[in-house]
Structures are given as structure tokens and as C-alpha cells.
Amino acid sequence: MLTLLSLALASPSVFAQSADELAKKLANPVSNLVSVPFQFNFDFGGGIDDDGFRSTLNIQPVIPFSLNDDWNLISRSIMPLVYQEDFVDDDGLSQYGTGDLVQSFFFSPKEPTSNGLIWGVGPVIMAPTASNDSLGSEKWAAGPTGVVLYQHGPWTYGTLANHLESFAGEDNRADVSATFVQPFINYGAGGGLTYALNLEATYNWETEQESVPMNMMVTKVMQLGNQTVSIGGGAKAYLAGPDNGPDWGLRFVFTMLFPK
């Protein structure tokens, strides 16, 4: 009886420790953790009359593969499902459907370097999977991607970046030449709670325009029945963008975790 009581009293702290470990792995884009994030984005303003609305659900499975004793291959996919209204001139109609799939692969050492650096590099590919002309580029594109980060105590900070250049697709659509840079910093507050801040800066070399949303998020790792999840949300402010770009937004994320 005393043993059962001790286990019952100990279980919250045991889960808290596990939740903190999972939260720290989630903060690392190349960690050895299978996860399936569902990221809900709501953007307001911009468009043809500065009163547009866009909602985007990004389905982002992350699957690590062990290549040998020293290296992992991390697959990161982004499949957007988009609904928008008053963003393009289409006789007042809204548009909805899939966007372009972005698939990244990172070759990453299983252990940090001697000074604690965690890194990964590989290719990124964009496929023209948009179901509506206004929701995608109708171009195939590819390029390099990479990430570097440090994790010290409760802190995780680093940068993820990629560059895409189109090489095939519809001739009547603009070429793709875009650089994406995402500096990020996360603080683990304990009990699976994480405060996160990042920029998602994209520069379009064809139009010479940039978009720089800043995301401020709070997430928490918890148990829903037998499923471990991370749930969170926050606000988005556009520090720079094209004239028809959004002004502000909201982001919510629900992530299913599958620890080994």
C-alpha cells in the first residue's frame, strides 16, 4: 500500500521530468523524436483592399531515421491547407485547397559537437501540389537547407534556413527564388511549459520583397489519455512585408508526440 501511494505521489514529478525532456526535444528541429504538428495560422489585413483574411493549416510530420551509429536523417514535411478571401482579385470569390508541399531532409550527427553545437544540413524540395492557381507557384523548386542551434539548461537558440530556386513548372508563372531564415529562441519553464520567440523571414529575389512575421508562442507538453501531445498558441506581428501582405495574425499548434 505504501509503495502504491509513493508511486502515485511520485508520478506527477516523473511526468514533469519527461514532459521537460520532450519539450526540449521539440525545440530542436533535428531531434530524434517522431512528431506530427498541426499548425493553425490566421492572418488578418492585406489583400486587395487591406481587409483580407487567410487561414492556413500546416500539417508538418517530422520523422527521424537512424542511418548508423553516428548519423540521423530527419524528414520534415509541410503540407498547407489554405482558405483565403479578399487576397486576390477573383470576382469577390474566396479560394481554398492545398498549397505547395515543402519537403526537407537534414543529415544530422546524433551527438552535439564538443562545444555543444547541434546541426543538420540537406536538401529542400518544393512540389506544385496547390489545388488552386492562387494558392501556389505552379513551379518545382529545390535548394539547400540547414540548421544550427545550442541547448544550454532551459534555453534553446539557433537558426534554420533554406533557399529555393525553381527548375521546372508552368512557363507562364513567375520563377521561384526565395530565401527563408528562421532565428529562434525557446525557454523551458518546467512542467513541459515552453515560451518561444522566432522570426520567419522570407526574401523573394524575383520581386525584391520581404516578409518578416514575428511569432510569440507558449506551448505545453501534456497527456491526453494515452497520447502525449503539445498544445499552444500565440500572436504574430508582421515587422515587414509587401503592400498587400497581412498585418497581424494568430497561431495555434497541436502536436502529437511519439517518443521512443
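In my numbering, the protein residues as written are 9 to 268. Backbone N, C-alpha and C define an ideal beta-carbon position, used for all residues, glycine too. As the structure is a computational prediction, the values presented were derived from the model and not from experiment.
Can you tell which of the options has the C-alpha that lies nearest to the C-alpha of residue i?
i      : options                          : result
Ser142 : Val156, Leu89 and Pro131         : Leu89
Ser112 : Gly151, Gly54 and Gln190         : Gly151
Phe188 : Met264, Asp51, Glu218 and Lys147 : Glu218
Asn223 : Ala31, Asp51, Asp28 and Leu30    : Asp51
Ser74  : Lys118, Arg84 and Glu93          : Lys118
Ser63  : Ile86, Ala243, Tyr91 and Asn140  : Tyr91
Between residue i and the rest of its own chain, which residues show a CB-CB distance below 6 Å, the 5 nearest in sequence each way excluded?
i      : result
Pro72  : Asn40, Asn80 and Ile82
Pro120 : Ile126
Phe260 : Phe48 and Gly241
Gly54  : Gly60, Asn252, Gly253 and Pro254
Met87  : Ile67 and Leu109
What's the C-alpha gap between residue i and residue j?
i      : j      : result
Thr106 : Ser26  : 36 Å
Asp57  : Leu207 : 26 Å
Gly200 : Ser238 : 8 Å
Val44  : Leu101 : 32 Å
Ser19  : Val70  : In this prediction, Ser19 scores a pLDDT of 43, lower than 50, which makes its location untrustworthy; the coordinate-derived value is nonetheless stated afterwards. Ser19 and Val70: Cα-Cα distance of roughly 29 Å.
Ala186 : Leu109 : 15 Å
Ile133 : Gly166 : 22 Å
Ala248 : Phe175 : 28 Å
Trp163 : Glu173 : 34 Å
Thr137 : Ala182 : 16 Å
Trp213 : Asp179 : 18 Å
Leu307 : Val42  : Here the chain has residues from 9 to 268 only, and residue 307 is not among them.
Glu267 : Lys147 : The residue asked about is misnamed: residue 267 is Pro in this sequence, not Glu. Cα-Cα distance, rounded: 36 Å.
Met9   : Met230 : With a pLDDT of 43 at Met9, under the threshold of 50, the modelled position of that residue is not reliable, and the figure given next carries that caveat. Looking at the two C-alpha atoms, the distance is approximately 28 Å.
Tyr246 : His160 : 29 Å
Gln68  : Asp28  : 22 Å
Ser21  : Glu93  : Because the pLDDT of Ser21 is 47, which lies under 50, any placement of that residue in the model is unreliable, and the question is left without a value.
Beta-carbon within less than 8 Å of residue i's beta-carbon, same chain only, minus the 5 sequence neighbours each way: which residues are those?
i      : result
Gly154 : Phe114, Trp127, Gly128, Val129, Gly130, Leu168, Ala169 and Asn170
Ser145 : Asp108, Met134, Pro136, Ala138, Ser174, Gly177, Arg181, Ala182 and Val184
Gln190 : Thr167, Leu168, Ala169, Asn206, Leu207, Glu208 and Ala209
Leu30  : Leu41, Gly200, Val229, Thr236, Ser238, Leu265 and Pro267
Ala243 : Asn223, Met224, Trp256, Gly257, Leu258 and Arg259
Val156 : Leu125, Ile126, Trp127, Gly166 and Thr167
Tell me whether residue i sits in a helix, a strand or coil according to DSSP, three-state version.
i      : result
Glu29  : helix
Leu41  : coil
Leu109 : strand
Asp51  : strand
Ser116 : strand
Ser122 : coil
Ser1   : Lying outside 9 to 268, the shown extent of the chain, residue 1 is not represented and no answer is given.
Leu75  : coil
Leu232 : strand
Leu247 : strand
Cutting at 7 Å between CB atoms, please list the residues of its own chain near residue i, excluding the five before and the five after it.
i      : result
Phe262 : Phe46, Val237 and Ile239
Original post:
Is the segment 180-200 in contact with the segment 28-40, if contact means three or more CB pairs nearer than 8 Å?
Top reply: yes
**OP:** Please confirm if the segment 227-238 is in contact with the segment 249-256, defined as three or more CB-CB distances below 8 Å between the two stretches.
**Re:** no
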